[in-house]
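Asker: Here it is, the structure, as structure tokens.
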Ligand SMILES: [Zn+2]
Ligand SMILES: [Zn+2]
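In the numbering used here, the protein residues as written are 16 to 396.
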């Protein structure tokens, strides 16, 4: 490794450790935004963050068409860190437990590499440091503010703790799942536990329903498609001798295909209403549509995969049933999303998650090489 590379790797690692110490929650990334802006100004970037974007940074380098976006998310989670790292969170109860510090540091590293070649770029590189990924609203905030107007393509990555550091995971099509969230309330008639005939028991309705929902994946979805329905939280009643008047449960649906997603929602509604009728209770369904599938554009994925194979180990990863707000971009702009190995000791959103810094320089270079490859590809198309 050359001296310059060692310097860059050190800078990226120190950047990540600094950001890790000062995590901020979704849509409250004020210090993070100030820090990123300062670093990008020093590198010679034009800051073009729209006035309507309260947190997050948009910056450009180079000139003219095409315009290629490089995206990193910047927010952290309401988790109390338990890694024991020397650079642990200084913001009590907030932690970069998804590795967005890793993403930001890598993109700043790429920004430095690209700044050194600003005059010879075949177009414009736009850095999109997006707020509020964890709450799945940040990508839309960026778009509503005008931050992705004029982009010809956009790429991004998520660190992947179960891949070796620096290994790239790429495939055409669906990489991360569509996410839906539900909450169902059954309202019956409360009564004495010993006199059920005078009530309408919402606990019985709930328990039958939770079981019945498990038949949607096994009996209604195409077995060739991936679908998950998980009920994760149930509540009803507060003592041993009273049948309560209501009960509720919540959970999530994950799919990779529009048809599978539609089937899940339709059958969910039918099962709930059917069970409510069976047990004589009222059902109220609250359905929240979350991020769509992160869907890699096959043409651009081929360009990115070929370029990535020149420099890195590339594998076809198992798609993840987790969701990713990048989907909001991928449904509107030709895009490619990758996994990059971060060799962690546990998984995303765990209080003890420690990532391997050895994945940082490859991640920075992945952005850098592919930014240039896409500018070349798009300008000769
Ligand atoms: Zn996350
Ligand atoms: Zn994340």
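Built from N, CA and C at the ideal position, the CB exists for glycine as well.
1. Have a look at the DSSP bridge pairing and note the partners of residue 195.
2. Using DSSP with H/G/I as helix, E/B as strand and the rest coil, what is residue 396?
3. Need the endpoints of the beta strand (DSSP E) that residue 88 sits in, please.
4. Is the closest heavy atom of ligand 1 to the C-beta of residue 363 under 8 Å?
5. Is residue 114 near ligand 2, with its Cβ less than 8 Å from a heavy atom?
6. Between which residues of its own chain and residue 79 is the CB-CB distance below 8 Å, once the five residues before and five after are set aside?
7. For the beta strand (DSSP E) containing residue 142, list its first residue and its last residue.
8. My assumption, with CB atoms under 8 Å, is that residue 357 sits in contact with residue 374. Please give the rounded CB distance.
9. When we look at the beta-carbon of residue 272 and count the other beta-carbons within 10 Å, is it buried (16 or more) or exposed?
10. Check whether the Cβ of residue 35 lies closer than 8 Å to any heavy atom of ligand 3, and answer yes or no.
11. Assuming residue 296 and residue 217 are in contact, meaning their beta carbons sit under 8 Å apart, how far apart are those beta carbons, in whole angstroms?
12. Helix or strand or just coil, what does DSSP make of residue 381?
13. Does the distance between the C-beta of residue 166 and the nearest non-hydrogen atom of ligand 1 fall short of 8 Å?
14. Closest by CA to residue 342, which one among 63, 31, 152?
15. DSSP state of residue 320, grouped into three classes?
16. Please report the Cβ distance between residue 41 and residue 90, rounded to the nearest whole angstrom; I am assuming they are in contact, meaning their Cβ atoms lie under 8 Å.
17. Nearest-angstrom Cα distance between residue 395 and residue 351?
18. Looking at the strands, I want to know which residues DSSP matches up with residue 310.
19. For residue 293, count neighbouring Cβ atoms within 10 angstroms of its own Cβ and tell me buried if that reaches 16, exposed if not.
20. Could you spell out the range, first to last residue, of the beta strand (DSSP E) harbouring residue 75?
21. Compute the Euclidean distance between the alpha carbons of residue 231 and residue 263, then round it to the nearest angstrom.
22. Looking at the unbroken beta strand (DSSP E) that takes in residue 353, where does it start and where does it end?
23. Mapping DSSP to helix, strand and coil, what is residue 175?
24. So, residue 267 versus residue 194, is the Cβ gap smaller than 9 Å?
25. Is residue 196 near ligand 2, with its Cβ less than 8 Å from a heavy atom?
26. Is any non-hydrogen atom of ligand 1 found closer than 8 Å to the C-beta of residue 337, if you look at the structure I gave you?
27. Whole angstroms are fine: how far does the CA of residue 282 sit from the CA of residue 242?
Answerer: By the coordinates alone:
1. BP columns for residue 195 point to 268, 304.
2. In the three-state DSSP reduction, residue 396 falls in the coil class, being neither helix nor strand.
3. Its beta strand (DSSP E) spans residues 82–88.
4. For residue 363, the CB falls within less than 8 Å of some heavy atom of ligand 1.
5. Indeed, a heavy atom of ligand 2 lies less than 8 Å from the Cβ.
6. Hits under 8 Å: 138, 139.
7. Run containing residue 142: 139–145, per the beta strand (DSSP E) assignment.
8. Indeed they touch by this definition, with Cβ atoms about 5 Å apart.
9. Around the beta-carbon of residue 272, 16 or more other beta-carbon atoms lie within 10 Å, marking it buried.
10. Questions concerning ligand 3 fall outside what the structure shown contains, since the ligands it does hold are ligand 1 and ligand 2.
11. The pair is a contact, with the Cβ atoms about 5 Å apart (cut-off 8 Å).
12. In the three-state scheme derived from DSSP, where H, G and I count as helix and E and B as strand, residue 381 is classed as helix.
13. Relative to ligand 1, residue 166 has its C-beta separated by 8 Å or more from all heavy atoms.
14. Considering only alpha carbons, the answer is 152.
15. Here residue 320 carries a helix assignment [DSSP, helix/strand/coil].
16. Here residue 41 really is in contact with residue 90; their C-beta atoms are around 4 Å apart, less than 8 Å.
17. Between the C-alpha atoms of residue 395 and residue 351 there is a straight-line separation of about 19 Å.
18. Bridge partners of residue 310: 189.
19. The residue is exposed, with fewer than 16 neighbouring Cβ atoms inside 10 Å.
20. DSSP places residue 75 inside the beta strand (DSSP E), whose first and last residues are 72–77.
21. Answer to the nearest angstrom: the Cα atoms are 19 Å apart.
22. Note, residue 353: beta strand (DSSP E), 350–356.
23. Of the three classes helix, strand and coil, the one that applies to residue 175 here is strand, per DSSP.
24. In terms of Cβ geometry, residue 267 and residue 194 form a close pair [threshold 9 Å].
25. No, the Cβ of residue 196 stays beyond 8 Å of every heavy atom of ligand 2.
26. Taking 8 Å as the cut-off, one finds at least one heavy atom of ligand 1 near enough to the beta carbon of residue 337.
27. For residue 242 and residue 282, the gap between their C-alpha atoms comes out near 13 Å.
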